[in-house]
Amino acid sequence: MTRRILTIFFLLFLAVAPAAGTEKEQPLPKDLPPYGELKPFRAPQVTTQKLANGLTLWLVPRPGFPKVSYTLAVRGGMSADPQDRPGLADLLTATINQGTATRTAKQIAEELQAAGGDLSASAGSESIMLGTSVLTSKAAVGLALLADIARNATFPDSEVELGKRNAADRLRQQESNPFFLASRALAKALFGQHPYAVTSLTQDSIAKTTPQELRSEYARHFRPDQAILVVVGDFGPAEISGSAESLLGNWAAPSTPPVPAVEKPSSVPPHAIFLVERPDSVQTTLALGSLGPTESNPDYAATRVANALFGGMFGSRLTLNIREDKGYTYTPGSYVVSRRTAGIFQTWAAVRNEVTGATLNEIDYELNRMATTSPSEEELVHAQRYLVGNQAIDLQAQESVGRSLARLWILGLPPEELGRESERIGKVTIQDVDAAASRYFPAARQAIVAVGVEKVIKDQLAPFELEVKPAP
Amino acid sequence: MKRWRLTVILACLPGLVGSAHATGGWKVPAVAKKFPNGLVVVVSEDHSAPTFGLCISYAIGFRLEPEGRTGFAHLFEHMMFEGTPVAPKGTFDRVIESGGGSNNADTRYDFTEYVDTAPVSALDPVLWLEADRLNTLDFSPNHLENQRKVVEEEVRVNVLNAPYGLFYAIDLPGKAFDRFPNAHNFYGDFKDLDAAKIPDVEAFFKHYYAPNNAVMAIAGDVTPTEVFAKVEKYFGGIAPRQVPPKPDLTEPPQTAERRFTEQDTLARVPALAIGYRMPPRHSHDAVVGALVGELLHNGQASLLYQALVKDKKVAIEVNGGVNFVFGNPFEYDGPTLLTSFIIYPPNLKEDDVLSAYDAVLSGFAAQGPSPAALERISAKMQSDWYANMEVPIDRASLLSHATLLDGNPERVNEIPDELARVTPDEVRAFAGKYLAKTHRTIINRVPAPASGRNDRGEKGAR
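Line order of the protein sequences matches chains A and B.
Note that my numbering gives residue 131 to position 99 of the first sequence, counting from 1, and the numbers run on in steps of one.
Note that my numbering gives residue 247 to position 33 of the second sequence, counting from 1, and the numbers run on in steps of one.
Structure, rendered in structure tokens:
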């Protein structure tokens with residue numbers, strides 16, 4: 033029954049491999065109506081432009097919904113932080129809207145609010161992104177404010193002082209969150225001394241950062257030849273392109289060298305258990321990770337398909353096993369993330385203390401099952417259709433299109449990749465999944481982080497016969 | 215009460231009602247139809263992408279779960295994914311994911327919503343599956359046991375193992391209200407979750423999961439005619455059921471400020487939650503209240519952020535609003551709070567924060583907001599409201615809630631205009647009347663000395 037529906041109402045561009053499945057799923061209800069004919073998705077149509085000063089402009093006009101979403105991204109981010117100031121880019125984004133040459137922090141906030149917007153500012157590993165979504169009727173105001181922040185931020189001494197105090201307390205607060213602790217420890221376990229290991233501030237770095245350092249890091253990052261502006265929504269392209277030219281066209285690129293690209297990590301992460309002691313935890317937060325393919329790697333699409341059926345969707349093997357069968361956890365999941373020179377494959381589960389060892393055992397089992405056996409045809413198609421359909425659904429929101437495009441540019445990829453990704457996923461075969469899974473999924477490749485109470489979980493981890501050490 | 219409103223207001227609508235593209239801002243189309251079995255269906259046609267979003271909301275939430283069964287409405291929500299006699303556990307997820315989509319559900323005080331989104335090619339099987347689980351469930355004790363464990367892990371991850379443990383959403387209403395429906399722990403005490411048995415699931419299903427207790431909205435690449443025909447086909451055979459009358463939920467009046475201190479073994483930075491009782495939902499004051507909540511809390515331009523974080527430097531973060539964390543300020547139908555959740559520096563005292571907070575509120579009650587401030591917040595709320603209707607799954611959700619709670623899908627198009635008409639005088643009057651100290655409850659949540667911990671976080675680089 034499954035086979036019939038999937039074969040007849042197949043996505044047209046999915047390659048149907050006749051291979052017999054190894055896992056038989058239950059037949060579908062006999063009266064369940066079949067899927068209808070799949071209508072083609074239209075990938076967002078992007079007009080690209082480059083200003084004389086090197087600023088990249090990607091425009092996606094979509095009339096109808098009466099808002100405009102701006103995303104302004106620059107290369108750099110936390111991997112480019114000075115060695116003795118880890119996480120500085122995070123402090124920079126927290127203070128970037130606290131004053132420009134002509135506006136106070138309060139004016140910026142109020143003018144944005146009047147346009148229907150907020151500023152989002154975030155530092156990633158290799159980018160800093162500023163964004164706002166405003167009403168179409170206030171589109172010009174929104175862009176003027178964003179341009180002002182990108183060009184003329186002043187980092188006033190008093191604002192930086194307050195920003196530092198709040199960053200210090202916020203870090204203390206973050207350190208009580210097990211997911212923050214696990215994610216910080218995992219990045220260090222995976223990348224060691226490599227710049228990708230930096231994912232957050234430290235108290236030392238906050239204490240030592242001066243307003244002058246923020247200003248010079250801002251000048252180093254925010255330059256038109258290392259920046260992109262993505263505009264998505266209800267606007268006239270000529271109008272926005274004209275506004276961008278007048279607001280950003282005379283932004284001069286400095287002659288100093290831009291933030292250097294990040295080297296490819298050379299070391300292999302250790303297969304060991306890193307413990308983060310968190311007193312009074314009633315769950316162990318488990319995070320496993322290993323290096324995976326980058327987005328430009330030919331393996332990438334197959335790895336995403338393998339990830340979807342391992343732990344990336346609700347009907348995944350991991351969720352069906354440790355949630356729907358055993359009830360160990362509420363939100364297990366696995367993720368494939370690409371940075372410019374390295375990919376990361378991660379598996380997460382937060383479980384009650386007493387099933388820590390049992391859960392790790394099941395995760396290992398599912399990882400090795402992926403790495404050593406083939407998925408069925410049904411599973412493959414399930415994962416492919418899930419990924420293709422959900423990408424189209426995600427790209428309905430302006431902000432999501434803006435961020436996805438900015439991310440592609442940061443990775444050095446063209447806007448057409450948005451559509452190609454789905455095409456590539458549709459062409460993945462069982463053999464491709466097997467190859468990717470055997471490369472990236474073996475349990476023995478994973479670094480393991482456990483955040484919880486050591487004396488409660490130590491004995492449960494002993495049978496894995498791995499080195500257990502404090503998180504780096 | 216709810217069903218009464220639904221019946222009466224929708225009775226005024228003919229079978230098909232086109233949306234008014236009247237004056238003012240952007241409107242979404244909304245066409246409603248009530249079926250003979252009582253199911254109300256709303257369609258918002260939008261062909262910008264070949265997808266749909268669906269939300270079916272049942273008029274049953276935390277408030278009506280029985281005493282001794284705290285957390286049950288939510289546990290029951292999980293059981294709706296555990297299969298039926300003809301579509302066993304896992305079928306729904308597999309069909310919607312293989313159809314390129316995803317599903318989810320949420321339990322709130324006054325409704326439980328089930329949401330689906332997918333390429334429109336999956337509409338028929340998804341409707342069939344929604345109808346199938348409204349018809350009957352697979353009342354399996356094994357599945358209940360499994361989901362009880364899953365829900366307990368959900369409570370651990372969001373409450374028991376999380377700094378602050380949602381105290382501003384669970385403990386605050388618990389202290390601010392006096393009657394079980396409004397005051398109990400909606401996530402559930404483990405002893406109550408453990409006590410839940412299959413007869414509870416059967417009774418809850420029979421009482422509340424009736425077509426005449428639900429509103430389904432579908433937005434996206436569909437037409438009303440096509441959707442109504444499919445609904446007739448798949449849901450038409452489901453009979454209406456007797457739904458218990460909604461009990462009186464009103465609270466005895468609050469006459470004095472209530473203050474509490476709680477110890478938090480996980481948090482390292484103290485926080486305050488302040489809750490004011492709000493006016494009844496179906497009043498103009500409730501619209502003013504929604505706006506006041508945003509004036510105080512929406513973003514860095516908000517009055518509390520500017521005063522507490524920037525000017526007085528007594529807070530690190532300020533969040534809040536009416537119906538805070540349970541959805542937008544219009545998605546409730548019983549006693550609710552305007553909540554402020556404030557994280558403050560460890561070297562300060564509760565009263566440092568509170569005196570700065572009170573200065574903002576008393577100034578507000580005395581002078582009201584400036585016309586410019588009012589204009590700003592109404593633009594921001596219009597923009598935020600539109601954002602709630604951008605993609606089909608969110609639009610379906612908003613339409614479904616508005617129809618269930620107000621009996622009128624057009625409400626989603628009216629709210630921005632109503633907000634824009636609120637005057638400074640109305641805000642001042644509201645603040646004087648509802649933001650009085652005698653109407654509020656405060657919980658100060660402070661880091662506790664943890665068992666076996668030697669690092670309380672001061673300069674604690676790790």
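Heads up, the beta-carbon is just placed ideally off N, CA and C, and yes, glycines get one too.
All values derive from a computational prediction rather than experimental measurement.
For the beta strand (DSSP E) assignment, the uninterrupted runs of no fewer than 3 residues enclosed by the stretch 322-408 of chain A are, from N- to C-terminal side, 365-370 and 375-384. Flagged as an interface residue toward chain B: M345 of chain A, by a C-beta distance shorter than 8 Å. Look at the stretch 373-445 of chain B and you find these whole runs of alpha helix (DSSP H), each 4 residues long or longer: 385-390, 394-397, 404-409 and 412-422.
G281 of chain A sits away from A133 of chain A, with the two beta carbons spaced by 8 Å or more. Within the stretch 409-443 of chain B, no residue has its Cβ closer than 7 Å to any Cβ of chain A. Between A410 of chain B and R362 of chain B, the gap from beta carbon to beta carbon is short of 8 Å. Secondary structure note for P661 of chain B: its beta strand (DSSP E) is the uninterrupted segment R654 to P661. Contact of S313 of chain A with chain B is assigned, a C-beta pair being separated by under 8 Å. Three or more beta-carbon pairs drawn from the stretch 267-277 of chain B and the stretch 431-444 of chain B are found closer than 8 Å, and the two stretches are therefore classed as touching. Within chain B, no residue has its beta carbon less than 8 Å from that of G281 of chain A; the closest one is some 28 Å off. When the five nearest sequence neighbours on each side are left out, the beta carbons in the same chain lying within less than 7 Å of the beta carbon of S299 of chain A are those of G224, in order along the chain. Distance check between V255 of chain B and each of B:G282, B:D346 and B:A246 places B:A246 closest, using alpha-carbon atoms only. The beta carbon of T88 of chain A is closer than 6 Å to those of K82 and I260 in its chain, skipping five residues each way along the sequence.
Nearest to N602 of chain B by C-alpha distance, out of B:A579, B:R642, B:A645 and B:G541, is B:G541.
For K594 of chain B, the enclosing alpha helix (DSSP H) stretches over residues P585 to A601. If you check each beta-carbon in the stretch 455-486 of chain B against every beta-carbon of chain A, the ones closer than 8 Å belong to T479, L480, A481, R482 and V483. In this chain, the alpha helix (DSSP H) harbouring V309 of chain B covers T305 to S312. Taking 9 Å as the Cβ-Cβ cut-off, the stretch 321-353 of chain B approaches chain A at T331, A332, P333, V334, S335, A336, L337, D338, P339, L341, W342, L343 and D346, given in chain order. In this chain, P461 of chain B is not harboured by any beta strand (DSSP E), its DSSP state being neither H nor E.
The beta carbon of D189 of chain A sits no closer than 8 Å to any beta carbon of chain B. At a cut-off of 8 Å between C-beta atoms, P210 of chain A counts as an interface residue with respect to chain B.
Going by DSSP, W283 of chain A is part of no beta strand (DSSP E) at all; its letter is neither H nor E. Under the Cβ criterion (8 Å, minimum of three pairs), the stretch 628-642 of chain B counts as touching the stretch 502-512 of chain B. For R107 of chain A, DSSP records a beta bridge to A:S159.
Out of B:S312, B:N317, B:D385 and B:K303, the CA that lies nearest to the CA of D352 of chain B is found in B:K303. Comparing alpha carbon positions, the residue from A:K296, A:Y418 and A:R349 closest to I376 of chain A is A:K296. Residue-level contact by beta carbon holds for Q514 of chain B and chain A, with a gap shorter than 8 Å.
Non-local C-beta neighbours of R322 of chain B in its own chain, meaning closer than 8 Å and more than five positions away in sequence, comprise G275, F276, F540, G541, E545 and Y546, ordered along the chain. Counting only residues of its own chain and dropping the five nearest sequence neighbours on each side, G149 of chain A has a CB closer than 7 Å to the CB of T164, S165, V166 and G174.
Not a single C-beta of chain B is nearer than 8 Å to the C-beta of I128 of chain A.
Around the beta-carbon of T553 of chain B, 16 or more other beta-carbon atoms lie within 10 Å, marking it buried. In the three-state reduction of the DSSP assignment, S101 of chain A falls in the strand class.
If you check each beta-carbon in the stretch 181-205 of chain A against every beta-carbon of chain B, the ones closer than 8 Å belong to L194, R197, N198, D201, R202, R204 and Q205. By the neighbour-count criterion, in which 16 or more other beta carbons inside 10 Å mark a residue as buried, D330 of chain B falls on the buried side. The beta carbons of P504 of chain A and A319 of chain A sit about 14 Å from each other, so the pair does not count as a contact at 8 Å.
Contact between D464 of chain A and A334 of chain A holds: CB atoms are separated by about 4 Å, below the 8 Å threshold.
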